[in-house]
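Quick note on this note's numbering: the sequence shown kicks off at 13 and runs consecutively.
Backbone N, C-alpha and C fix where the C-beta goes; we use that ideal spot for every residue, glycine too.
Note that this is a predicted model, so its numbers are computed, not measured.
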Amino acid sequence: MAITVDGEPVEAYLGETVAAVLIARGDAELRRTRHGASRGLYCGMGLCFECLVMVNGVANVRACMTWANDGMEVRHMAGLVPAEAGKESD
Ligand code: FES
């Protein structure tokens with residue numbers, strides 16, 4: 013199956029979390045805080061909220077607790093908006 017990450021198609025496997033797909037892709041940085049600090053997978057079990065991404069237009073979804081599904085759209089976040097939106101305003 014395939015998902016998209018920031019608009020790019022990425023292969024995913026049944027039973028993988030979004031975090032697993034992103035890490036396998038080489039994305040150590042899953043989001044940036046509103047102050048620009050880098051955040052990534054930390055606890056891997058839904059407790060720390062460091063892995064927040066946007067999934068199918070819904071912000072602040074924990075990548076480590078979300079199963080990848082065919083056709084899913086994932087976006088990195090910067091603060092409370094998709095990362096590419098933050099870049100446009102810089
Ligand atoms: S890595 Fe801690 S909540 Fe996802």
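Please report the residue range of the beta strand (DSSP E) in which residue i lies.
i     : result
Leu34 : Premise fails: Leu34 lies in the alpha helix (DSSP H), 30–36, not in any beta strand (DSSP E).
Glu20 : 20–23
Ala14 : 14–17
Leu53 : Leu53 -> no beta strand (DSSP E), and no H or E assigned at all.
Met66 : 64–67
With a Cβ-Cβ cutoff of 7 Å, do residue i and residue j count as a contact?
i     : j     : result
Val17 : Ala80 : no
Ser50 : Glu41 : yes
Arg37 : Gly91 : no
Gly58 : Arg43 : no
Pro21 : Ala14 : yes
Since residue i and residue j should fall inside the 8 Å C-beta cutoff, what is the C-beta to C-beta distance between them, to a whole number of angstroms?
i     : j     : result
Ala71 : Met89 : 6 Å
With DSSP as the reference, identify every bridge partner of residue i, one or two as the case may be.
i     : result
Arg46 : For Arg46, which the question treats as bridged, DSSP gives no partner whatsoever.
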